[in-house]
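Participant: Structure below; questions to follow.
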Amino acid sequence: MNKQWLTALWMVAAAVGITPPAWAQIRIGQTAGFSGAVAASVKEATDGAKLYFDAVNARGGINGQPIELISLDDKFDPKLAAANAKELIDKGVICLFLNRGTPHTQAIMPLLTEHKIPLIGPSTGAMVLHQPVHPWLFNVRATYQREAERAISHLSLIGVDRIAIVQVDDTFGADAVQGALKGLRSVNKEPLALEKYDRAKPDFTGIAPRVVAKEPQAVMLIGSGTAIIDGMKALRAAGSKAQLVTLSNNASSGFVKELGPIAHGVVVSQVFPYERSIASPVVKEAMDLAKAKGLELSPITLEGFVSAKVVVEGLRRAGAGATRDKLRRALEGFNRFDLGGLELSYSPTDHSGLDYADLSIIGPDGRFRR
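In case it helps, mature numbering (1 follows the signal peptide of the UniProt record, and there is no 0) puts the sequence shown at residues -24 to -1, 1 to 346.
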């Protein structure tokens, strides 16, 4: 059977809300920035997901069907993310999975309702994805607001209260900064400075000197990938010795490597257990599989791995002949599902998933330490 016939069958199946027949693989669709500003972390997250999917396939797949992850590069462009999502939907994927970015997810969301297809594990913690509950969107990780508030509270506890904030000027930045501001308000503080940079053309030449002039003890940088790297380098070049803090979307080995010598001491919030803690069953499982493939487990790799576990369990519960709607209903039946020391629940009125938040610091060896 040639590719044109297969594509036609996928589109027919998608149109009537069913998955391809038993001879086909279970297709899962992903659009993410495999090139561009977040390429390093996208690759690591996808590697983590593939670790688990490959392990499931090695055991015979789900109901005898192997899983195929179809990944498209959206270059971290929201418009291309939406176009890719539509292409994947037309190809008959049973769900969308592990996309990256808040504006990108928002661009995809109308398609979920139109085509009645679940999106599982978007790699973003924006509150807009949690409240109000979207019937077809299932979060896995905690919100950015939760982790930003946690980081600010920690800084306050250790006597750091002169805190500046530098945020990307988009929906992600506007959302995450609310958690930081809430954390400051809880200790009767205001940000020492609050600066915004353009997402499309980040420029810190003016921002860094203004922030340094305020003499902050810490600077929280809210944004993604190379922009945050450039921002941290600009602050150090301008003479700042402040504690640098960022969120879990930058918790990748690639991020540390690109930061270079200034990485040591940077605080990065985390939304999953310590990736080298063998006391955590899910970490031990991921670690063993990663070791067998010669991969090093990073926090973002673990995010991909855990998100893949959620997808697989949903498909198992959906049963043979799973449809997009059966998968949605199966996910909403999760009640304290044990991922391996982490319990995740969904319901028709709650698609938030986990609420885990912690902090790490980059050690002299370039590894995240807790």
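Backbone N, C-alpha and C define an ideal beta-carbon position, used for all residues, glycine too.
1. Only counting the same chain, and skipping five residues up and downstream in sequence, which positions put a Cβ closer than 6 Å to that of R293?
2. What residue from R252, E44, N311 and G68 has the CA that sits closest to R343's CA?
3. Please look up how many angstroms separate the CB atoms of G68 and R3, rounded, as I've assumed it's under 8 Å.
4. Spatial neighbours of V14 within its chain, please: C-beta separation below 6 Å, excluding the five flanking residues on both sides.
5. Measure from the alpha carbon of I238 to the alpha carbon of each residue in M208, S224 and P257, then state which is nearest.
6. By Cβ distance, which residues of its chain are closer than 6 Å to V242, with the 5 residues on each side in sequence left out?
7. Straight-line CA distance for D179 to Y173?
8. Would you tell me roughly how many angstroms separate the C-alpha atoms of G40 and S256, rounded to the nearest one?
9. Can you list, in chain order, the residues of its chain whose CB lies under 8 Å from that of P192, leaving out five sequence neighbours each side?
10. What's the gap between the Cα of K165 and the Cα of A194?
11. Pull up the DSSP beta-bridge partners for I139, would you.
12. Pick out whichever of L27, I43, N60 and Q107 has its Cα sitting closest to the Cα of D50.
13. Can the beta-carbon of K55 be found less than 8 Å from the beta-carbon of A83?
14. Measure the alpha-carbon distance for H327 versus F313 and round it to whole angstroms.
15. On the three-state DSSP scale, how would you describe I43?
16. I need the DSSP call for I338, collapsed to helix, strand or coil.
17. So what's residue 350 in DSSP terms, helix, strand or just coil?
Facilitator: From the atom records:
1. Excluding sequence positions up to five before and after R293, its CB lies within less than 6 Å of the CB of A306, all in the same chain and listed in chain order.
2. Answer by Cα proximity: R252.
3. Contact flag correct, Cβ pair sits at about 6 Å.
4. If the five residues before and after V14 are omitted, its C-beta is found closer than 6 Å to the C-beta atoms of F52, R76, S200 and G201, all from its own chain and listed in chain order.
5. Per the Cα distances, M208.
6. For V242, where only same-chain residues beyond five positions count, the Cβ hits under 6 Å are L220 and I338.
7. So the alpha carbons of these two residues sit roughly 7 Å apart.
8. So the alpha carbons of these two residues sit roughly 30 Å apart.
9. Once the five neighbours on either side are set aside, the close Cβ partners of P192 are R138, I139, A140, L168, A169, S216 and A218.
10. For K165 and A194, the distance between alpha carbons rounds to 14 Å.
11. Beta-bridge pairing links I139 to A194.
12. With distances taken between Cα atoms, D50 lies closest to N60.
13. Taking 8 Å as the cut-off, the beta carbon of K55 is found closer than this to the beta carbon of A83.
14. Distance between the alpha carbons of H327 and F313: 13 Å.
15. Residue state for I43 is assigned as strand, using DSSP reduced to three classes.
16. Look at I338 here: in three-state DSSP terms it is strand.
17. What is shown of the chain runs -24 to 346, which leaves residue 350 out entirely.
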